[in-house]
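> The sequence shown begins at 10 in our numbering and counts up by one.
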Amino acid sequence: MVKSITFGLTKQFELFFEMPTDSIQYKYSPEHLQVSEPGKYTSEHLRTEEMVINIGPQHPSTHGVLRLEVVSDGEIIVDVVPHIGYLHRCFEKHAESLPFNQIIPYVDRMDYVAAMNSEHAYVMGVERMLGIDKDLPKRVEYIRVLVAELNRLASHFVAIGTYAMDIGAYTPFLWMMRDREHILRMLEWLSGARMLYNYIWVGGLFYDVPVGFEERCLEFVNYLKPKLEELQQLVIDNKIFVQRTANVGVLPLSVAINYGCSGPVLRGSGLRWDLRKVDGYSVYPELDFDVPMGEGLAGTVGDCWDRNYVRVLECRESVKIIKQCVEKLLGEHRRTPEFDPQAFVPKKIRPQAMDYYVRAENPKGELGFFFRTDGKSDIPVRCKARACSFNNLSVIAEISRGAMLADLVAIIGSIDVVMGEVDR
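1) A130 to A369, Cα distance in whole Å?
2) Here's the rule I'm using: 16 or more other beta-carbon atoms within 10 Å means buried, otherwise exposed. How should D188 be labelled?
3) Output needed for P346: all residues of its chain with C-beta closer than 8 Å, excluding positions within five of it in sequence on either side, in chain order.
4) To test your reading of the DSSP string, which unbroken alpha helix (DSSP H) runs of 4 or more residues are found completely within the region 76–126?
5) Report the rounded CA-to-CA distance for A394 versus A168, giving the unit in angstroms.
6) Can you grab the Cα-Cα spacing for the pair D416 / L262, in whole Å?
7) In the region 336–408, which residue ranges form an unbroken beta strand (DSSP E) of at least 3 residues, counting only runs that do not cross its ends?
8) Run through DSSP, which three-state label would N141 get?
9) Pick out whichever of D315, V427, M413 and V211 has its Cα sitting closest to the Cα of E84.
10) Within the chosen definition, does the region 218–231 reach the region 332–349 through at least 3 CB pairs nearer than 8 Å?
11) Name the DSSP bridge partner or partners of Q67?
12) Kindly indicate which residue of T71, V74 and V79 has the alpha-carbon position closest to the one of G411.
13) Can you tell me which residues form a DSSP beta bridge with I209?
14) Assign E59 to one of three DSSP states: helix, strand, or coil.
15) Taking the runs of the beta strand (DSSP E) that are 3 residues or longer, which of them lie wholly in the region 216–298?
16) Near E101, which residues of its chain fall below 7 Å by C-beta distance, leaving aside the five closest residues on each side in sequence?
17) Which residue marks the beginning of the alpha helix (DSSP H) containing P181, and which one marks its end?
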């Protein structure tokens, strides 16, 4: 049987089409969700007044294709089960069929808002396996740190801006995107790309910085300092923001360590652990900067406010690092006609047979790469990524139980996950 449905305001523009009558009536059945993506909890597990709420995988508060299976008792969270795997990045499988230098563009696409930092970690590991990490010119190292810290700022701007919008403040997001745009334009001037750069190469760089790039960085630093003070007043000291984040999602230090958390999530819980200081890689030991950590100034150490506050303080430290790198690039390690950023780029990347792990401090935490090579090929036998977002996300159930459903959005945003890295 077919039913005719009419749309339109006037007879002239009436649109007729036919559709089966059965499709008009729809009866919901939960079986389709159990078949496509099984949940941990069923009706047999639930007590009286408890229910299962699925948030995501397409939901603005989940920051990507993340599904949260939430068991709630009214508005109180009983348990949270994160379901991942919707993005299907397949990074590690791609890496098993590509030469080392051709893997770099895929590294960019893991944490796509901090591609320079990811490149730096990956390239550093390959260079150490080849034994050329000590031969690189200091100018190359200072440029790497400069662009990595610029990208760290851009990543934190996304984290702080979207977090404020999750809480309900729209203006900080616009301000953060405005300032992030300055960074993206500079990195585009540098590499030709706005987000996915392929700029840091094994043994050097794609190209030297453009003429005038150092001066532009100094201008940006001078522009940004008062903007960070405005951010402090608009977000961090905002009474409503403090009420929504202080004493919410408290992550004890012992729990953070046991779950392998790192970055601002770990430092927000009160541990001054930063691989730029701990491992002292690249030229970071030659630079002066502090490692901020959560102190419970607005609530409890390790709450959502502390994690966000650590990111704001890290933006100030990145500004200090950028300024020092520019001074080095304009002074002691200034541009010379004989400088070649690709002088140590090997024609064939073939490390000896070994297992090797390298790690670096990304904006979200410790990004590590485990390499297994056979010494016969320029393609790794295994290239496993240790994604900081994956470990940080795993702690969400521990810090969400007992919180209100509305606070779950604040907790997710405070962790700052990128699903491209989780579903690598």
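The beta-carbon is built from N, C-alpha and C at its ideal position, and this holds for glycine as well. Predicted, not measured: the structure shown is a model, and the values here were computed from it.
With the structure as the only source:
1) 5 Å
2) buried
3) none
4) 100–104 and 113–117
5) 22 Å
6) 20 Å
7) Complete beta strand (DSSP E) runs here, min 3: 363–371, 374–382 and 391–395.
8) In the sequence under discussion, the amino acid at residue 141 is Ile, which differs from the Asn named in the question. Three-state DSSP puts I141 in coil, outside helix and strand.
9) M413
10) yes
11) V74
12) Looking from the CA of G411, the closest CA among T71, V74 and V79 belongs to V79.
13) L214
14) Three-state DSSP puts E59 in a strand.
15) none
16) Excluding residues within five positions, the ones whose Cβ falls inside 7 Å are C392, K393, A394 and R433.
17) T180 to S200
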